[in-house]
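Residue numbers (the numbering used here), protein chains in the order written: chain D, 345 to 457; chain E, 599 to 740.
The beta-carbon is built from N, C-alpha and C at its ideal position, and this holds for glycine as well.
Worksheet: one structure, shown below.
Structural data, given as structure tokens:
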């Protein structure tokens, strides 16, 4: 129903692409996978949500924990290809004050590299 | 509710991710009402948060009931649980500045999201349960 469909590194940027409902389980997977790379020195994480249609507040709360983890190491979290409803959710919650959002992955990589 | 209103009723068991059944029904109802896609998505997210609150915080052991009441002007959704109830005046508005970098729990966004996404929100709650009534108007207020 929801899962990580791809993890790759590009110019020291960790890119995690997801599919489906960004709920507790998927957000926990994102946090756990990101943590492995952050612990190994990665400082820039980009989450591609082009195939995720909706989020819930539990998933978003775990994303806040990932923002904190990256802040602790002077890193940053960004999103690209957000569906309108997820972007609206993040805006209402204030997440967008703490992470950048990009229209698509190409634009994100250009800005973050 | 008027005589001409149509009601769709759902009974959800307390099972993880069952809130998605409610969103699927909301999509069908929204399509029937010819609501804009953005409004449909906002209804879906509000429903998800309402269901999660009912599943987790009400501590109910029975099902959660959802009524979709369709009228010419709007969609009214009632989410009803038979849980322990709560005092909405004691729910504080979450602030991300207070949550990031502190020990404050990161959760607690549900009611805020519901209020932001819907046009009208009302809670009736006592020790026998909670009824959340939320309304989405068909036309956008200018």
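Let me see if you follow: with CB-CB separation under 8 Å, is residue i close to chain D or not?
i	result
residue 647 of chain E	yes
residue 657 of chain E	no
residue 697 of chain E	yes
residue 633 of chain E	no
residue 615 of chain E	yes
residue 636 of chain E	yes
residue 711 of chain E	yes
residue 708 of chain E	yes
residue 702 of chain E	no
residue 675 of chain E	no
Grab me the residues of residue i's own chain with a C-beta within less than 7 Å of its C-beta, minus the 5 sequence neighbours each way, in chain order.
i	result
residue 713 of chain E	719
residue 631 of chain E	668, 673, 736
Going by the beta-carbon positions, is the gap between residue i and residue j smaller than 8 Å?
i	j	result
residue 619 of chain E	residue 633 of chain E	no
residue 704 of chain E	residue 409 of chain D	yes
residue 373 of chain D	residue 394 of chain D	no
residue 391 of chain D	residue 417 of chain D	no
residue 638 of chain E	residue 624 of chain E	yes
residue 453 of chain D	residue 354 of chain D	yes
residue 699 of chain E	residue 727 of chain E	no
residue 431 of chain D	residue 445 of chain D	yes
residue 691 of chain E	residue 717 of chain E	no
residue 345 of chain D	residue 615 of chain E	yes
residue 694 of chain E	residue 441 of chain D	yes
At what residues does the beta strand (DSSP E) containing residue i begin and finish?
i	result
residue 362 of chain D	357-364
residue 649 of chain E	Segment 635-654 is the alpha helix (DSSP H) holding residue 649 of chain E; no beta strand (DSSP E) there.
residue 679 of chain E	672-679
Just checking: is the beta-carbon of residue i within a distance shorter than 8 Å of some beta-carbon in chain E?
i	result
residue 373 of chain D	no
residue 403 of chain D	no
residue 436 of chain D	yes
residue 370 of chain D	no
Leaving out the 5 sequence neighbours to the left and right, which residues in its chain are closer than 6 Å to residue i when beta-carbon positions are compared?
i	result
residue 678 of chain E	663, 729
residue 358 of chain D	381, 386, 389
residue 604 of chain E	668
For the ligand HEM, any of its heavy atoms closer than 7 Å to the Cβ of residue i?
i	result
residue 664 of chain E	As far as ligands go, the structure on display features none, and thus does not contain the ligand HEM.
Which residues in the same chain as residue i place their Cβ atom closer than 8 Å to its Cβ, once the five residues preceding and following it in sequence are excluded?
i	result
residue 702 of chain E	696
residue 347 of chain D	362, 363, 364, 370, 373
For the alpha helix (DSSP H) holding residue i, just list the boundary residues, first then last.
i	result
residue 456 of chain D	449-456
residue 713 of chain E	708-715
residue 377 of chain D	368-383
residue 734 of chain E	Segment 727-735 is the beta strand (DSSP E) holding residue 734 of chain E; no alpha helix (DSSP H) there.
residue 604 of chain E	No alpha helix (DSSP H) holds residue 604 of chain E; the beta strand (DSSP E) holding it covers 604-610.
Discussion item. Under 8 Å: do the stretch 395-402 of chain D and the stretch 644-654 of chain E share three or more Cβ pairs, one atom per stretch?
Written reply: yes
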